[in-house]
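These notes are about the structure you will find just below.
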Amino acid sequence: MLTNILFVGIGGALGAIVRFGVNETFENYLSVSTPTGTLFINVIGCFFIGIFVGFSMPVKDTSYYFFIIGFLGSFTTMSAFTHQTIMIANLNLTNAVSYIMLTIVLSILATYIGAIISK
């Protein structure tokens, strides 16, 4: 149990750091808004979850705790997604609805493609 907690913690810390780096890259170097970075993060995270699912990773395996629960759990985030959706909706409801639909459709598609590629 303690080993699993350690793997979740290390994976979570790394996922959060990578998430921060990706958002910073989108905002500061690519001059793209924060929602675009979050969209990219969520789609890529779903793609990798699909890959791990395709590999049939055992649920009780330490790599599952590290990658799925830890790293990808902190890398992707619904809290940032929902917060940014509200911020967009305050400015333009149509853009907010488009952002929601794009995030959901691309995330599901990325998960499916990841699972297919890994088989």
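Just so you know, the working numbering puts the end of the sequence shown at 164, numbered straight through with nothing missing.
For glycine and all other residues, C-beta sits at the position ideal for the given N, C-alpha and C.
Being a predicted model, the structure only gives us computed values, none of them experimental.
Notebook entry, point to check: Do you know offhand how far Ile-86's Cα is from Ile-62's?
Noted result: Taking C-alpha positions only, Ile-86 is separated from Ile-62 by approximately 12 Å.
Checklist line | Alpha-carbon to alpha-carbon, Val-104 and Phe-52 | finding: Put simply, the backbone Cα of Phe-52 is about 13 Å away from that of Val-104.
Check: Do Thr-156 and Ile-94 have their C-beta atoms within less than 8 Å of each other?
Finding: Closer than 8 Å, so yes.
Margin query: Just to check my reading of the structure: Ser-163 and Phe-111 have Cβ atoms closer than 8 Å, yes? What is that Cβ distance to the nearest angstrom?
Written below: With a Cβ gap of about 17 Å, Ser-163 and Phe-111 do not count as contacting.
Item checked: Of the listed residues Val-77, Thr-122 and Asn-68, nearest to Cys-91 (C-alpha basis) -> Restricting attention to Val-77, Thr-122 and Asn-68, the CA atom closest to the CA of Cys-91 is found in Thr-122.
Note to self: On the DSSP letters alone, give me the boundaries of the alpha helix (DSSP H) that Val-63 sits inside.
What the structure shows: Val-63 -> alpha helix (DSSP H) spans 47-69.
Note to self: Taking the beta carbon of Gly-120 as the centre, do at least 16 other beta carbons fall within 10 Å, making it buried, or is it exposed?
What the structure shows: The sequence given here has Phe at residue 120, not Gly. Buried.
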